[in-house]
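These notes concern the structure reproduced below.
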Amino acid sequence: MAAPMLRWCCPGRRFAFAWVGCGSCHRRGPPTGSTSNGKRGQSSVAQQPHFTAQKPREGEHEWAAVVGLEIHAQIASNSKLFSGSQVHFAAPPNSLVSFFDASLPGTLPVLNRRCVEAAVMTGLALDCHINRKSLFDRKHYFYADLPAGYQITQQRLPIAVNGSLAYSVCVGRKPSRMVTRTVRVKQIQLEQDSGKSLHDDLRSQTLIDLNRAGIGLLELVLEPDMSCGEEAATAVRELQLILQALGTSQANMAEGQLRVDANISVHRPGEPLGVRTEVKNLNSARFLAKAIDYEIQRQINELENGGEILNETRSFDNRLGFMPEPNLPPLLLYDSGSLPSGADPQQVINVDQLRERLPELPRVTRERLVRQYGMLPEHSCALLNEVGLLEFFQNVIKETRAEPKKVTSWVLNTFLGFLKQRNLAVSESPVTPSALAELLDLLDRKAISSSAAKQVFEELWRNDGKTPAQIVAEKKLELLQDPEALEQLCRSTLEAHPHVVMDLKRGNARAINKLIGLVRKATLGRADPTAIKEVLERQLSS
Amino acid sequence: MVKQWKQCQTLFFGGSKITADADCSHEIKRRLLLGRKVSVALKQGRVTPTELCQRCLSLIKKTKFLNAYITVSEEVALKQAEESEKRYKKGHSLGDLDGIPVAVKDNFSTSGIETTCASNMLKGDHIKRVLLRYLASLLRLRSGSTDGIFGPVKNPWSYSKQYREKRKQNFHSENEDSNWLITGGSSGGSAAAVSAFTCFAALGSDTGGSTRNPAAHCGVVGLKPSYGLVSRHGLIPLVNSMDVPGILTRCVDDAATVLGILAGHDPKDSTTIQDPVKPFTLPSLTDVSKLCIGIPKEYLTPELSSEVQSLWSKAANLFESEGAKVIEVSLPHTSYSIVCYHVLCTSEVASNMARFDGLEYGHRCDSDVSTEAMYAATRREGFNDVVRGRILSGNFFLLKENYENYFVKAQKVRRLIANDFVNVFNSGVDVLLTPTTLSEAVPYAEFIKEDNRTRSAQDDIFTQAVNMAGLPAVSVPMALSSQGLPVGLQFIGRAFCDQQLLTVAKWFEKQVQFPVIQLQELMDDCSSVFENEKLASVSVK
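Residue numbers (the working numbering), protein chains in the order written: chain A, 701 to 1242; chain B, 745 to 1285.
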């Protein structure tokens, strides 16, 4: 059971794009979404969808939900945040533990440059202000998988603050519209991951694996600017794409590289915010959306029934304090203007240099796709949401003469459909971009019909090493190119089916389709229906 | 409860014992091995490293009753001596300290030799000899008032001819054995080991005066380098922002030699200075007329013994008579130092000790009811009352509702204390001259009458502010008191001007000609060791 479940949770397969305005979450009135580029400080709090209690009473049925997120992204680095231990997923337990990770006394933290760069790049990508000076703190709590009894984090002065994350949602069913929403990024801080505890209830033992202890994390705090599960899930998905584009985190939720906690409250519009509750450790975007919507509904029901919301995660360790980490001096960052002369480039980090190294961000990529290929915004979303799909698409475009619209349709419908049906990743596809490009070329110069093209695609999927042209030749799928032969076939079809012709002449315009179908059948599907129609109409009117 | 305290030393040879291979103080090891200046006796072959090692080992055995050592790695030391000897024969020794026996306080993590920190918390650990250990009793040791599991260290001067003769005059029929003196803490073992000639130099640690205090009581030189000049990697922490490795030697030149080897950037300690530091030789000062010596008036406290006070003024007069400018200065926030230290120290202790949960290493209780129960019992068994008291106070100060009122306030006071020094040095003062301790060493029987808090407050009164400010300071023995016991004075320098500080200290040392301890009666057959005075120090005068 577990394996298909994991498969199912796997991110990158879920959201072609998100729908808002379905299920329990519906938006009243015209959507007032902001335009594409999210400016700092712009928030969508004012546009909350309204939730309806299950048994609405007259005039009392509207609730607004407020959702904020705390996201932990494991930094993609070779070694841990403060030690030289390697970082690997699924290594044998306790095989990646240095003396520092095990908190042996006398060991000291040494900051990993790569982790700092990852934090700065992520901050820049989210339009954050990068603090030129940030500080490290110890956050104390006793936990078996936290060997030192404290976590080194950035509580007082984090590395990046005041950013924003723009994401697109579709509103309404038909016709759908893409609307850009913005959530403010309060801060990004560097901190250590904890180890893992495994509880063996049979033997009443707790087993501890410290491989994860000390891996660098980016903690991102998203302000409560979201109003339902789908919005939160879409924002997380967008963040995931950004982190992957930057290479700062693999951001795979199933492997725990991206962990999300949500703060949720409901209130009546115009009244103060309600009491928050937390939903913790959600490991897929789909579950995140479901859990948030469930919690929103639970709170509404509770309040509707005269109950009150209690903050259940409030606990004693909130009282335990922070302390400055005395073994790490302030983290100083520079820009080209402030770089001290003669500084060792290995010892300083230049924010401007990192900014130059930023890759194209997903939002920009999507805008480019829409502009360059004239595709619909939701199609550009779909291309980015599947790992490797955009690259596949671009490779096909490069090699084919077919229209971009045709390519988009084939990649998103046929190709992606085949992958999903068989639960495969793009990299596992038996059809190469070149093969698809060749197939689309055949279609483009009308050498084969669309239905024949589907047949060729199925053959290609079987991966016998044959090219589309070979398949077309073998299966005799090429379109009927001889006009004489088509004239002949049309004529004999008309002669063989006088009652259909009569029908048509009596005014049933749709009878022509029947005739076209009959001719196609006679050509074994190798004639273009438009061409058939043309010939038939000419013959009928003569 | 029996109140005892104890210093922990291990003997190692030529400095190579101090590190563990993968993770410990490699940098210290490297530096100890790479000293430039070589003891002339070793170089000329008048004495071999093996002979030197054997003499020290024999002296350690003779002075076992001092309780200065916890672990004596005899085999390792002799093997290293042999290797050192080969190097000398080939003519490429590793440097100044190659072949010189050095002792290390038991709160440095060492390769292949057990570190216990004189604590139950780390004794008998199943991973012993491999990993770093902790000594929970470190803080108890620091204030010289602990019940460390190894018992207290005895001050070698208790057995000196100088002290015994004075005592005979005063107390005719007293039991001598029960009246031994304390060394002061917490690097008392290091001070005793150097004082009793069992090694040439020892590493201690100094958080509030732990190196300078015992140095003054044991008549040796005790150096607290500037914070950030010497790596703390491998040093088991007490208060990270104040801890520094301390250096104990029999003369100022030796302290400079050891410092020259240890100082500089360590990639494994982010708080060390970035600039390279080269080993250095102290110049012999002949003219002090350009010096300005500051005498902080707040250090003249009612508790200061009249004898120490008079030696202090005598020292000031000495500088003045030789042409130096001696002026009274003010460090107005000095009196807040002790209470400020209490808040910062207990907070960091509570934080640093959180790791001793019995999971990864060290003592673990037998209880397996739950993880929480295991923590509680382990920590109850592993820590004594004093440590538990500090952890409780520290956690209280770190509570969210108290943080601003205690911890942040204390940090602000700390800044004021540090600024006091900055202001004085900016006004043109080169070096401050103060007492190191209130009085000479007291007998153990008298010492344990006071409770721990009072004692630690008194012990550190002249030394602690320096740690708050991160400045270098050195205690230099000046003279014997009327009881025949050493009295040391403290010099405080500008941050990272350790060399200038030691140059002044060296001049002073030369003027006062502090007498050599006379232990011949006690160790008659070993007296030959001391005959050749040149061998008493690493440096060649």
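Backbone N, C-alpha and C define an ideal beta-carbon position, used for all residues, glycine too.
Model, not experiment: these values are computed from the prediction.
Residue burial annotation: L902(A) is exposed, with fewer than 16 other C-beta atoms found within 10 angstroms of its C-beta.
With fewer than 16 other CB atoms across the displayed protein chains lying within 10 angstroms of its CB, T1030(B) is exposed. Contact of V787(A) with chain B is not assigned, every C-beta pair being separated by 9 Å or more.
DSSP lists no beta-bridge partner residue for A790(A). The stretch 793 to 851 of chain B contains, as complete alpha helix (DSSP H) runs of 4+ residues, the segments 793 to 806, 818 to 834 (chain order).
Per DSSP, reduced to three states, the secondary structure at I775(A) is coil, with no helix or strand assignment. Given a length threshold of 4 residues, each whole run of the alpha helix (DSSP H) inside the stretch 1168 to 1195 of chain B is given here in chain order: 1188 to 1191. E1158(A) carries a helical assignment under DSSP once its states are collapsed to helix, strand and coil. Cβ proximity to chain B below 7 Å picks out R838, H840, F842, A844, P847, A848, G849, Y850 from the stretch 823 to 852 of chain A.
9 Å or more divides the Cβ of F1024(B) from the Cβ of G1008(B). Contact with chain B is absent for G956(A), since none of that chain's Cβ atoms lies less than 9 Å from the residue's Cβ.
From the beta-carbon of P1104(A), no residue of chain B is found nearer than 7 Å; the closest lies around 53 Å away.
Distance between L992(B) and R976(B), taken at the CA atoms: about 16 Å.
In the DSSP annotation of this structure, the continuous segment of the beta strand (DSSP E) that includes K839(A) starts and ends at 837 to 840. The beta carbon of L1194(A) sits closer than 8 Å to the beta carbons of V1201, L1215, L1236, Q1239, L1240 from its chain, once the five residues preceding and following it are set aside; these are given in chain order. Distances from the CA of V936(A) to each of E1004(A), R976(A), A989(A) were compared; the closest alpha carbon is that of A989(A). Three or more Cβ pairs closer than 8 Å define a contact, and the stretch 1058 to 1076 of chain B falls short of that threshold against the stretch 1139 to 1149 of chain B.
DSSP places I1148(A) in the coil class of the three-state scheme, outside both helix and strand.
According to the DSSP assignment, L922(A) belongs to the beta strand (DSSP E) that extends over 916 to 926. Interface residue (Cβ-Cβ distance to chain B less than 9 Å): S777(A) is not classified as such. At least one beta carbon of chain A lies nearer than 9 Å to the beta carbon of Y1147(B). In the three-state reduction of the DSSP assignment, A764(A) falls in the strand class, which pools E and B.
Counting only the Cα atoms, F941(B) lies some 17 Å from S817(B). Relative to A1211(A), the option among K1233(A), A1222(A), K1221(A), L1224(A) whose CA is nearest is K1233(A).
Just so you know, the alpha carbons of Q1094(A) and Q1155(B) end up roughly 59 Å apart. In the DSSP assignment, E891(A) is bridged to L917(A). Those residues of the stretch 1005 to 1022 of chain B placed with their C-beta closer than 8 Å to a C-beta in chain A are P1011, K1012, D1013, S1014, T1015, Q1018, ordered along the chain. Under a 10 Å Cβ-count criterion, N1061(B) is classified as exposed, with fewer than 16 other Cβ atoms of the shown protein chains found around its own Cβ.
At a cut-off of 9 Å between C-beta atoms, R976(B) counts as an interface residue with respect to chain A. Per DSSP, the beta-bridge partners of V974(B) are A1007(B). In the displayed model, Y843(A) falls within coil according to three-state DSSP, outside both helix and strand.
Between K968(B) and A1217(B), the gap from beta carbon to beta carbon is short of 9 Å.
For M878(A), the three-state secondary structure derived from DSSP is strand. Taking the CA atoms as reference points, N851(B) sits about 5 Å from I980(B).
Using a Cβ-Cβ cut-off of 9 Å, A802(A) counts as an interface residue toward chain B, since at least one Cβ of chain B sits closer than that to its own. In the DSSP assignment, A951(A) is bridged to no other residue.
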